[in-house]
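S.K.: One structure is given below, represented as structure tokens, and several questions about it will come after.
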Ligand SMILES: *Cc1c(COP(=O)(O)O)cnc(C)c1O
């Protein structure tokens with residue numbers, strides 16, 4: 043793009059992600075007042091296409107939060123966990139831990155059921171914890187970005203719902219890159235955001251809400267304001283946001299969601315992500331000493347985590363990041379806190395390869411070639 047005072051670089055991190063030139067250009071389209079009739083035209087299409095991408099059951103509702111994925115996640119805690127209730131967080135890495143932290147920060151009674159990084163939630167352990175703690179609400183991560191692991195959401199929600207609890211799911215780094223499990227799982231709140239597999243800038247948190255969740259929220263006090271899903275639903279009915287949205291992002295989102303649904307097509311988009319996971323897994327298997335971090339059968343279609351070769355430290359991964367920058371790439375040297383923990387436990391640090399959003403297999407192939415040269419020299 044012309045006249046930017048900053049260098050162009052292609053993002054292979056796990057969010058924000060690469061933005062197509064057409065999407066960048068749509069950021070220059072006109073602005074309107076957010077209660078104006080023109081505004082509803084772009085946002086009606088946005089709400090509609092989000093529902094198409096989610097394969098959303100007809101009785102679920104969609105909310106656009108101003109903020110990011112975290113905003114949607116915190117809203118679910120504020121709106122759906124009552125004061126005397128327990129929320130159980132079954133976590134498999136840093137983003138599950140973050141959601142738990144939000145519940146604690148909001149004064150909720152929590153149970154933290156943490157699994158080893160790189161491993162999925164164990165259904166038998168979850169089942170036992172449900173029986174022991176009888177939580178009213180359970181939060182799980184669909185795609186744990188810190189470890190490259192995707193949980194089996196329908197299987198876990200089956201257990202949660204069999205115990206009569208509401209199921210909340212963090213799908214921030216996978217929505218738009220894989221089939222959405224709302225219909226298959228019957229989950230009550232599914233949170234996501236714009237800046238990961240949807241290939242947009244950050245700026246909206248997205249929430250999909252079940253009828254049971256809407257009913258539940260009516261009985262929860264002190265839902266806050268920006269975190270009150272009922273307040274948002276009133277605006278969403280009119281294809282609006284609760285307060286002033288980022289209009290440039292709205293314009294870009296209008297274009298991008300139409301592209302995803304009408305031009306690329308969901309089946310092709312999801313197949314492209316699967317193909318990129320397979321390319322990345324095959325690449326890692328050729329690297330001497332490096333290893334795939336997430337358990338087989340649970341590897342994410344949007345991000346691959348790689349355990350560094352023996353003897354490598356997190357500092358070496360940061361050096362690799364700088365070696366790739368002059369080649370035009372932003373490399374992801376791993377989730378810092380996880381690498382600290384791994385190193386403290388005498389284990390190898392990990393790095394990540396983001397392959398989500400509008401990255402193409404050809405772009406990924408070129409990146410992996412450069413990455414391979416830098417990693418094994
Ligand atoms: C990025 C991410 C978040 C946080 O989302 P923000 O949009 O940065 O607030 C939460 N969960 C997962 C799994 C993520 O990848």
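Residue numbers (my numbering): 43 to 419. No residue lacks a Cβ here, since even glycine has one placed at the ideal position from N, Cα and C.
Would you say the beta carbon of residue 183 comes nearer than 8 Å to a heavy atom of ligand 1?
M.R.: The answer is yes for residue 183.
S.K.: Rank 373, 102 and 220 by C-alpha distance to the C-alpha of residue 360 and give the top, closest one.
M.R.: Considering only alpha carbons, the answer is 373.
S.K.: Under 8 Å from any heavy atom of ligand 1, does the C-beta of residue 295 make it?
M.R.: False, no ligand heavy atom lies under 8 Å from that Cβ.
S.K.: Around the Cβ of residue 139, are there at least 16 other Cβ atoms within 10 angstroms (buried) or fewer (exposed)?
M.R.: Classification for residue 139: buried.
S.K.: Check each candidate in 403, 271, 128 and 92 and name the one with the smallest Cα separation from residue 322.
M.R.: Measuring from the Cα of residue 322, the nearest candidate turns out to be 403.
S.K.: Between residue 186 and ligand 1, is there a pair consisting of the residue's CB and a ligand heavy atom that are separated by less than 8 Å?
M.R.: Residue 186 Cβ: within cutoff of ligand 1.
S.K.: What is the DSSP secondary structure of residue 142, counted as helix, strand or coil?
M.R.: Three-state DSSP puts residue 142 in a helix.
S.K.: Does DSSP put residue 293 in a helix, in a strand, or in coil?
M.R.: Looking at residue 293 - three-state DSSP - the assignment turns out to be helix.
S.K.: Are the CB atoms of residue 241 and residue 94 nearer to each other than 9 Å?
M.R.: No.
S.K.: Hey, residue 98 and residue 225: beta-carbon distance below 9 Å or not?
M.R.: Yes. Within cutoff.
S.K.: Name the DSSP beta bridge partners of residue 248, please?
M.R.: According to DSSP, residue 248 bridges with 106 and 234.
S.K.: Residue 277: which of 69, 72 and 81 sits nearest, CA to CA?
M.R.: With distances taken between Cα atoms, residue 277 lies closest to 81.
S.K.: Beta-carbon within less than 8 Å of residue 370's beta-carbon, same chain only, minus the 5 sequence neighbours each way: which residues are those?
M.R.: Closer than 8 Å at the Cβ level, and outside the excluded window around residue 370, lie 50, 51 and 52.
S.K.: Touching or not, the stretch 109 to 123 and the stretch 257 to 270, by the rule of three or more beta carbon pairs under 8 Å?
M.R.: With a cut-off of 8 Å, the stretch 257 to 270 and the stretch 109 to 123 count as touching, because enough Cβ pairs lie within range.
S.K.: For the stretch 161 to 215, list the beta strand (DSSP E) runs that are entirely contained and at least 3 residues long, ordered along the chain.
M.R.: Runs found: 179 to 183 and 208 to 212.
S.K.: Could you check which residue in 311, 155 and 385 has the C-alpha nearest to that of residue 23?
M.R.: Any question about residue 23 goes unanswered here, given that the chain covers just 43 to 419.
S.K.: First and last residue of the alpha helix (DSSP H) that includes residue 259?
M.R.: Element bounds for residue 259: 253 to 259.
S.K.: Name the residue from 358, 109 and 162 whose alpha carbon lies nearest to the alpha carbon of residue 291.
M.R.: Comparing Cα-Cα distances from residue 291 to each of 358, 109 and 162, the minimum goes to 109.
S.K.: Which two residues bound the contiguous alpha helix (DSSP H) that contains residue 414?
M.R.: Residue 414 -> alpha helix (DSSP H) spans 403 to 417.
S.K.: Going straight from the alpha carbon of residue 71 to that of residue 331, what length do you get?
M.R.: Their backbone Cα atoms lie some 49 Å apart in a straight line.
S.K.: With distance defined between alpha-carbon atoms, name the residue in 338, 229, 295 and 333 nearest to residue 191.
M.R.: Closest by alpha carbon: 338.
S.K.: Anyone know if the C-beta pair for residue 200 and residue 227 falls short of 9 Å?
M.R.: In contact: residue 200 and residue 227 (Cβ atoms closer than 9 Å).
S.K.: For residue 52, which beta-bridge partners are listed by DSSP?
M.R.: Answer is 371, bridged to residue 52.
S.K.: Confirm, please, whether the CB-CB distance from residue 90 to residue 282 is below 9 Å.
M.R.: No.
S.K.: Between residue 109 and ligand 1, is there a pair consisting of the residue's CB and a ligand heavy atom that are separated by less than 8 Å?
M.R.: It does: the Cβ of residue 109 is within 8 Å (strictly closer) of some heavy atom of ligand 1.
S.K.: Taking only three categories from DSSP, how would you classify residue 397?
M.R.: Reduced to three states, the DSSP call for residue 397 is coil.
S.K.: Any chance the CB of residue 214 is under 8 Å from a heavy atom of ligand 1?
M.R.: Under cutoff, so the answer is yes.
S.K.: By the 10 Å Cβ neighbour count, where 16 or more other Cβ atoms means buried, how is residue 419 classified, buried or exposed?
M.R.: That one is exposed.
S.K.: What are the partner residues of residue 153, as DSSP defines its beta bridges?
M.R.: Per DSSP, 130.
S.K.: Using the Cα positions of residue 101 and residue 244, report the straight-line distance between them to the nearest angstrom.
M.R.: So the alpha carbons of these two residues sit roughly 27 Å apart.
S.K.: Roughly how many angstroms lie between the CA atoms of residue 126 and residue 271, to the nearest whole one?
M.R.: So the alpha carbons of these two residues sit roughly 20 Å apart.
S.K.: Can you determine whether any heavy atom of ligand 1 sits closer than 8 Å to the C-beta of residue 209, and answer yes or no?
M.R.: Result no, Cβ not under 8 Å from ligand 1.
S.K.: Classify residue 167: buried if its beta carbon has 16 or more other beta carbons within 10 angstroms, exposed otherwise.
M.R.: By the neighbour-count rule (16 or more Cβ atoms within 10 Å), residue 167 is not buried but exposed.
S.K.: Which residue marks the beginning of the beta strand (DSSP E) containing residue 100, and which one marks its end?
M.R.: Run containing residue 100: none; DSSP gives neither H nor E here.
S.K.: What is the rounded straight-line gap between the Cα of residue 19 and the Cα of residue 336?
M.R.: The structure shown does not extend to residue 19, since the chain is modelled only from 43 to 419, so the question has no answer here.
S.K.: Find the nearest neighbour of residue 87 within the set 198, 342, 304 and 261, judged by alpha-carbon distance.
M.R.: Answer by Cα proximity: 304.
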